Amino acid sequence: MVRLEEQRSLGLDVGERRIGVALSDASGRLASALTTIKAYPQEHALAQIARLVVEHGIYEVVVGLPLTLRGEIGPQAEVVQRFAEALGQQVALPIHLFDERLTTAAAAQLLRDMGVKPEKRRQQIDQVAAAIILQDFLDQRRGRE
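Everything in the sequence shown is counted per full-length UniProt numbering, starting at 1 for the first residue and increasing by one.
Dropping the structure here:
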C-alpha cells in the first residue's frame, strides 16, 4: 500500500468554459499548475481528467466550490457539485469540494505581480487558480494533522 505522504492530489477549478488543473507533489505539501482543459463537452473533460488521474497516480481530487461571498451555494456552485458527482463516478476516488471564493482574483493578481502579459494570463489563470485551491486544501489539512 502506498503511504499517504507518497500520493498525489489533483486540484480543479471548474468554470463554464475551462477547467484549470493542478497537481500536488508526492509529499502532498506543494501544489503546482498543470494544465487547462475545455469544460465542454463534459464527457470529454471527464475523460481527460480520468487520464490525468491514471498518468499521475492520483488518489484524491479537490474541486473548488464557488460559494457566494456570503458562503452560500449559488447556481454556479450547483453546476460544480453536479460535475464533481459525475467525476466521482468516472474515477472512483475521493472527491473533496473546497471553498474557492476569490481564488480567480488571487490568481489574476499573482500573474500580474509576476509580470505575465495579459494574453498569457488568460491562458494560465484557470490552472493557477486550481493550484491556489489545491494549496489551500493541502495547507488546511496539514494544519489539522
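We put the beta carbon where it would ideally sit given N, CA and C, even for glycine.
Because the structure is a prediction, the values reported are computed rather than measured.
Would you check if the distance between the CB atom of residue i and the CB atom of residue j is smaller than 8 angstroms?
i      : j      : result
Pro66  : Val80  : yes
Leu134 : Arg121 : no
Ala22  : Leu34  : yes
Leu10  : Leu46  : no
Gly20  : Thr36  : yes
Arg8   : Ser24  : yes
Asp126 : Gly15  : yes
Gly143 : Phe98  : no
Gln48  : Ala86  : no
Ala107 : Val128 : yes
Tell me the residue span of the beta strand (DSSP E) that contains residue i.
i     : result
Ile73 : Counting along the chain, Ile73 falls outside any beta strand (DSSP E), and DSSP gives it neither H nor E.
Arg18 : Arg18 to Ser24
Strictly by DSSP, which residues pair up with residue i?
i           : result
Ile125      : Answer is none; Ile125 lacks a bridge partner.
residue 146 : Residue 146 is absent from the structure shown; the chain starts at 1 and stops at 145.
Please list, in chain order, all residues of the same chain as residue i whose beta carbon is under 6 angstroms from its beta carbon, the five residues on each side excluded.
i      : result
Leu4   : Residue confidence is low: Leu4 scores 48 on pLDDT, short of 50, so the model does not pin down where it sits. Its coordinate-derived value is still stated next. The answer is none, since no qualifying residue turns up.
Thr68  : Gly74
Asp139 : none
Arg101 : Leu67
Phe83  : Val14
Thr103 : Ala129, Ile132 and Ile133
Can you give me the start and stop residues for the alpha helix (DSSP H) that residue i sits inside?
i      : result
Leu97  : Element bounds for Leu97: not the alpha helix (DSSP H) but the beta strand (DSSP E), Ile95 to Asp99.
Leu110 : Thr103 to Asp113
Considering only residues of the same chain and omitting the five flanking positions on each side of residue i, which have a CB-CB separation below 8 angstroms?
i     : result
Arg17 : Lys38, Ala39 and Tyr40
Leaving out five residues before and five after residue i in sequence, what residues of the same chain have Cβ atoms less than 7 angstroms from its Cβ?
i      : result
Ala50  : Gln90 and Val91
Ala131 : Gly11, Ala22, Ala31, Ser32 and Ala33
Could one say the Cβ of residue i lies closer than 8 angstroms to chain D's Cβ atoms, at least one of them?
i     : result
Ala92 : Any reference to chain D falls outside this structure, which holds one protein chain only.
- Task: Please list the segments of the alpha helix (DSSP H) lying wholly inside the region 7–62, counting only runs of 4 or more residues, in order along the chain.
- Result: Secondary structure in the region 7–62: the alpha helix (DSSP H) runs of 4 residues or longer, each lying completely within the stretch, are 42–56 in chain order.
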